[in-house]
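For reference, the structure discussed in these notes is given below.
Number of protein chains: 2
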Amino acid sequence: GTVPPGAHGRFTLRTHSCGELRTAHLGEEVTLCGWVQYVRQDLFQPFMSVSPVMVTPACSCLTHVSSAILTGEIEVHANNVEVLNICQKLPFEIKDFVKKSEGLRMQYRYLDLRSSQMQYNLRLRSRLVMKMREYLCNLHGFVDVETPTLFKRTPGGAKEFVVPSGEPGRFYSLPQSPQQFKQLLMVAGIDRYFQLARCYRDEGSKPDRQPEFTQVDIEMSFTDQAGIRDLVEGLLQYSWPEEKGFVSPPFPVMTYEEAMRDYGVDKPDTRFEMKLVDISGAFHNTQIQFLREALHQPGGSIQAICVPQGAVSSTHMHFSFSHLPSDNFGRLLPDVSRQQLLQMVGAEPGDLILLTAGTEGRVRPLLGRLRLQCADLLEGHSVKVRDPSAFHFLWVVDFPLFLPKEDSPEQLESAHHPFTAPVPEDAHLLYSQPHKVRGQHYDLVLNGSEIGGGSIRIHSASEQRHVLDTVLQEDPSLLSHLLEALDSGAPPHGGIALGLDRLLAIIVGASSIRDVIAFPKSFRGHDLMSHAPDFVSEEDLRPYHIKVTWPEGLTPGGEDQ
Amino acid sequence: GTVPPGAHGRFTLRTHSCGELRTAHLGEEVTLCGWVQYVRQDLFQPFMSVSPVMVTPACSCLTHVSSAILTGEIEVHANNVEVLNICQKLPFEIKDFVKKSEGLRMQYRYLDLRSSQMQYNLRLRSRLVMKMREYLCNLHGFVDVETPTLFKRTPGGAKEFVVPSGEPGRFYSLPQSPQQFKQLLMVAGIDRYFQLARCYRDEGSKPDRQPEFTQVDIEMSFTDQAGIRDLVEGLLQYSWPEEKGFVSPPFPVMTYEEAMRDYGVDKPDTRFEMKLVDISGAFHNTQIQFLREALHQPGGSIQAICVPQGAVSSTHMHFSFSHLPSDNFGRLLPDVSRQQLLQMVGAEPGDLILLTAGTEGRVRPLLGRLRLQCADLLEGHSVKVRDPSAFHFLWVVDFPLFLPKEDSPEQLESAHHPFTAPVPEDAHLLYSQPHKVRGQHYDLVLNGSEIGGGSIRIHSASEQRHVLDTVLQEDPSLLSHLLEALDSGAPPHGGIALGLDRLLAIIVGASSIRDVIAFPKSFRGHDLMSHAPDFVSEEDLRPYHIKVTWPEGLTPGGEDQ
């Protein structure tokens, strides 16, 4: 870190942290405080560091030493040793190589956090957000504004936790993001806003989701998409941890259509090739029935990916295909098609070609998932596909503004949220063919994960009213305060939110965002240490005018019968 | 601010902010974006600044100008003016001298925030917290750790909002502070923790309280009271806004007993004298019956304050006394007592002496309140008592660790919280006379308001168990995770929490913390802009297995009958 030398001793009973002592300190009298890792033959060895840069874990007793025993270049001789606290037998040893179950780690999180990896993760998180703040606040004049988390339920906010108030029937809602507030701050003339915002989402038991998470929330007036991209690229470049290499703006920009065409997904992992190839042209006159049928349906297409050296590795690779007679397929192809196919996908001897036929809308995502599974499988067998130390950033733009609703496809819903402005050249289509409108939404993708998303917002009250009333057929009265605000001279504005937990997990190479959060919930939303959520007495609920409705088979205060 | 010149134009459609233009820019072509304050004879004049340092408010239309009209030393001539948005008639004029009702300000908060005072308050808040972070994180190696807000109800946490989970009968709780987590982080070896923590407290309709508020939350290992005081004094000195003068550590330290004795309150406003004086000595042989009676009861005392020039001003001052025949009182005193009294309180001609008799426990707080009321009354009549630009910091220490419970005085409760360590020389009394133990708690007081509080914590599991089990008679199983954590080698540790909203309100001289919060709730806990809290349908509550219990006379979804 950049912390001045000697700073870690200030305000404490020690004169130095253990990690600070060097040959320059020879002959000095020092006072150290720390943990003893283990005691052997009445000597505690090694005396462990409490340097805030890397704390090594507690074990048997906690000491306060005027001059003691240290590893490294120097030795500290003890004049006096004071035991500050003792330690009972721990549920697991605190050594990085001791594997613990996830449940045990969560139950004794305060011990798990003593591991060098978790110390690194939390300290890196602190350093990174500090650099982000410096960039936004000190270098670019952004204003850090806190917005409420006790708010009103948003239309369609099915994933919002409710918080009963003291007034019968009235509830606050924990918002999924400060979206409305950040826009209102632009109307309020704040010009440049940011916040490390706590957000809430009740998604039940989705893997690797947390009911509360943190986003780097940003909004700017008088800007455009290029302005936001510049800002965020500079932000990441400035705050990126030194030991993780460099971030080199500008990041590539890809349209949604290109991403779906080449990678079969809207968040492509561009660390490796294996792009989707449309090979329909090689099969125009095919006699193979399932390919003919696929090509003749509306939007029909045959597409492939070529897995380099996949045939060599394929004895290890097990895919489950339905409808695809893969073993016999090569024999069915006429030589000419086979040659054309190999050329189109650029196959070399030993490569594996995976082919799908059907409507484009189904074929692309399927191949997109297969592409990622192939990469995982190959890497599982030590074939190098992706550089684990590489960070590939990518902007994806030109998303459709609206999508057909899944349960009633004749109706439209916002692809992201109803405040996203249309791409200027599509704006007139809002009033005639809204399904064709592209939105000024942008996603930031890192190594195949979406780590941020944002948009230029609608700043015209009449356009916003049209989108809510006519296109989405939602009740605009729920957002009347926002519409009124737009009517009071709202500047053009836009912003972005970066998922801090996900970004950090990728930076430190963690498999779960739980590893970059100090006290995460389990995948069922439980705090295994304190046993939250917990039962609350009827009496304690009375001031909130609510009562539990027990499903059949459950009894108050009890478990499943 | 310290933001580099030109930074406010970056990432935007403008080349400069209006406030940036100087004679050095003469002859340049610039693009400006901003609000027009008013239009007069087809000229908008003045074109208002969107400098992020001070935004002046929007009015009739929003423009985008290549070269326009500016106040100050230079003029900008417009080549082209583009209207970016229009503005409907506003509910109030955005001029600082236009007084608006609190309700209107809250309903149209996004307009209210355009006032120069609110812009100043929010931008100062951002600057101040940034400086605090620099001090803690960059200069002193503190780690910024986010802790959960969806937690478990704490024992006796009557003021905690509950959040229903998807599991029948189970609730999260929104914690009043990260107290348990900050202590667990010390056990986890984080050594130095801080967080700008969102906290929650359901206090119904208390004036000038907010259901969510922010505290600067700090905890350190291997420290003591002096260490925490040093740290906080340095923090305030470093982050203090230049334009508000200087903070000069060390701050005075006063014991709880001294504060009560001299000021009748545990958060003395030391900007002015008028201290309490025990004048019992002048009345040992008094014949006045109510004084005799007062002195003869256990703990009986006669005390006074002397209000300088209060007799002169007293024709304007109206106190309501019961039991005190004030007009005739002077005549009842023998000359010798009167002289002694005047001398004891140091009265000069024209001063007013206020005298109370009774038990010390009642007399001191009463005089303490009278002292503050006198100051207010005198200032209301333009007598200078307190310097409005002065900031008097004060530490109050040596609080009692336990107090008798109000409703059952034979039982003890924590004066602050059950984790506070005893003063070392009183520790043995924990096991014999707990009511006599002083705690290592400290309050930070600014101008008579408590702006922070903290303590050195108990780090011995057995001591903590004794306090919970035997002294407080609470169920220790609710805190078993914390007790287990202390048993795993917890270092000695302590910390503090500063109330950020209150601190800022005092710095900017606001009468309410609402003036330093972007989107505060009304005193009834309502968001008057969005109408939170609001009704939620039975269907939306079903996933949480709760149902509203409507009090008689109220109907679902309706108001009072």
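Those protein sequence lines, which keep their order, are chains A and B.
If you're matching positions, the first sequence starts at 1 in the numbering used here and goes up one per residue.
If you're matching positions, the second sequence starts at 1001 in the numbering used here and goes up one per residue.
The beta-carbon is built from N, C-alpha and C at its ideal position, and this holds for glycine as well.
These figures come from a predicted structure and were not determined experimentally.
CA-to-CA distance, residue j to residue i, given in whole angstroms
i, j, result
"Phe-399 of chain A", "Cys-1018 of chain B", "35 Å"
"Leu-366 of chain A", "Arg-133 of chain A", "41 Å"
"Leu-430 of chain A", "Leu-401 of chain A", "10 Å"
"Gln-45 of chain A", "Val-36 of chain A", "Reliability fails at Gln-45 of chain A, whose pLDDT of 41 lies under 50, so the model's placement of it is uncertain and the value that follows must be treated cautiously. When rounded, the distance between both Cα atoms is 7 Å."
"Gln-340 of chain A", "Gly-281 of chain A", "9 Å"
"Leu-1184 of chain B", "Gln-119 of chain A", "14 Å"
"Leu-1174 of chain B", "Cys-1199 of chain B", "8 Å"
"Leu-21 of chain A", "His-8 of chain A", "12 Å"
"Cys-374 of chain A", "Leu-355 of chain A", "13 Å"
"Val-1385 of chain B", "Arg-1371 of chain B", "11 Å"
"Lys-95 of chain A", "Gln-117 of chain A", "10 Å"
"Phe-523 of chain A", "Ile-1517 of chain B", "34 Å"
Residue-level contact to chain A via CB, residue i, 8 Å cutoff
i, result
"Arg-1022 of chain B", "no"
"Asn-1285 of chain B", "no"
"Pro-1057 of chain B", "Note that Pro-1057 of chain B scores 32 on pLDDT, short of 50, meaning its location in the model is unreliable and no value can be drawn from it."
"Val-1143 of chain B", "yes"
"Ser-1165 of chain B", "yes"
"Asp-1527 of chain B", "yes"
"Lys-1384 of chain B", "no"
"Glu-1212 of chain B", "yes"
"Trp-1035 of chain B", "yes"
"Asn-1085 of chain B", "yes"
"Phe-1519 of chain B", "yes"
Any C-beta of chain B under 8 Å from that of residue i
i, result
"Cys-137 of chain A", "yes"
"Gln-552 of chain A", "One detail in the question is off: residue 552 of chain A reads as Glu in this sequence, not Gln. With 8 Å as the cut-off, Glu-552 of chain A does not count as an interface residue toward chain B."
"Ile-546 of chain A", "yes"
"Leu-231 of chain A", "yes"
"Ser-239 of chain A", "no"
"Phe-523 of chain A", "no"
"Tyr-110 of chain A", "yes"
"Lys-95 of chain A", "no"
"Phe-580 of chain A", "Given that chain A is displayed from residue 1 to residue 561, the structure contains no residue 580 of chain A and the question cannot be resolved."
"Leu-541 of chain A", "yes"
"Gly-499 of chain A", "no"
"Val-81 of chain A", "no"
"Glu-266 of chain A", "For the record, residue 266 of chain A in the displayed sequence is Asp; it is not Glu. Chain B contact via Cβ: absent."
Residue i burial status per 10 Å Cβ neighbour count (16 or more: buried)
i, result
"Phe-1246 of chain B", "exposed"
"Asn-1447 of chain B", "buried"
"Glu-1160 of chain B", "buried"
"Glu-973 of chain B", "Any question about residue 973 of chain B goes unanswered here, given that chain B covers just 1001 to 1561."
"Asp-351 of chain A", "buried"
"Pro-1492 of chain B", "buried"
"Val-1050 of chain B", "With a pLDDT of 34 at Val-1050 of chain B, under the threshold of 50, the modelled position of that residue is not reliable, and no figure is offered here."
"Ala-68 of chain A", "Its pLDDT being 45, under 50, Ala-68 of chain A is placed unreliably in this model, and the value from its coordinates should be taken loosely. Its Cβ being crowded by 16 or more others within 10 Å, Ala-68 of chain A is buried."
"Val-1548 of chain B", "buried"
"Thr-56 of chain A", "Bear in mind that the predicted position of Thr-56 of chain A carries a pLDDT of just 32, short of 50, making it unreliable; the figure below should be weighed with that in mind. Looking at its Cβ environment, which holds 16 or more other Cβ atoms inside 10 Å, Thr-56 of chain A is buried."
Beta carbon proximity, residue i to chain C, threshold 8 Å
i, result
"Pro-1004 of chain B", "In the displayed structure, chain C is absent; the protein chains listed are A and B."
Nearest candidate by alpha-carbon position, reference residue i, set the options
i, options, result
"Arg-1014 of chain B", "A:Lys-267, A:Lys-182, A:Phe-222", "A:Phe-222"
"Gly-1361 of chain B", "B:Glu-1257, B:Glu-1082, B:Glu-1146", "B:Glu-1257"
"Ile-302 of chain A", "A:Ile-279, A:Leu-104, A:Arg-123", "A:Ile-279"
"Phe-419 of chain A", "A:Ile-496, A:Ser-248, A:Arg-369", "A:Ile-496"
"Gly-1204 of chain B", "B:Trp-1550, B:Val-1548, B:His-1526, B:Cys-1087", "B:His-1526"
"Leu-482 of chain A", "A:Pro-404, A:Gly-553, A:Lys-244, A:Ile-458", "A:Ile-458"
Quick one: any contact between the stretch 1024 to 1032 of chain B and the stretch 234 to 249 of chain A, if contact means 3 or more CB pairs under 8 Å? No: fewer than three Cβ pairs fall under 8 Å.
Taking three-plus beta-carbon pairs below 8 Å as touching, is the stretch 410 to 418 of chain A in contact with the stretch 384 to 395 of chain A? With the cut-off at 8 Å, the stretch 410 to 418 of chain A and the stretch 384 to 395 of chain A do not touch.
Count the C-beta pairs between the stretch 1500 to 1513 of chain B and the stretch 1211 to 1227 of chain B that are closer than 8 Å, then say yes if the count reaches three, no if not. Under the 8 Å Cβ criterion, the stretch 1500 to 1513 of chain B counts as touching the stretch 1211 to 1227 of chain B, having at least three qualifying pairs.
Are the stretch 1466 to 1480 of chain B and the stretch 1143 to 1155 of chain B in contact at 8 Å, needing three or more beta carbon pairs? Taking a cut-off of 8 Å on C-beta distances, the stretch 1466 to 1480 of chain B touches the stretch 1143 to 1155 of chain B, as three or more cross pairs fall below it.
Is the stretch 442 to 461 of chain A touching the stretch 223 to 236 of chain A, taking contact as three or more C-beta pairs under 8 Å? Because the criterion of three Cβ pairs below 8 Å is met, the stretch 442 to 461 of chain A and the stretch 223 to 236 of chain A touch.
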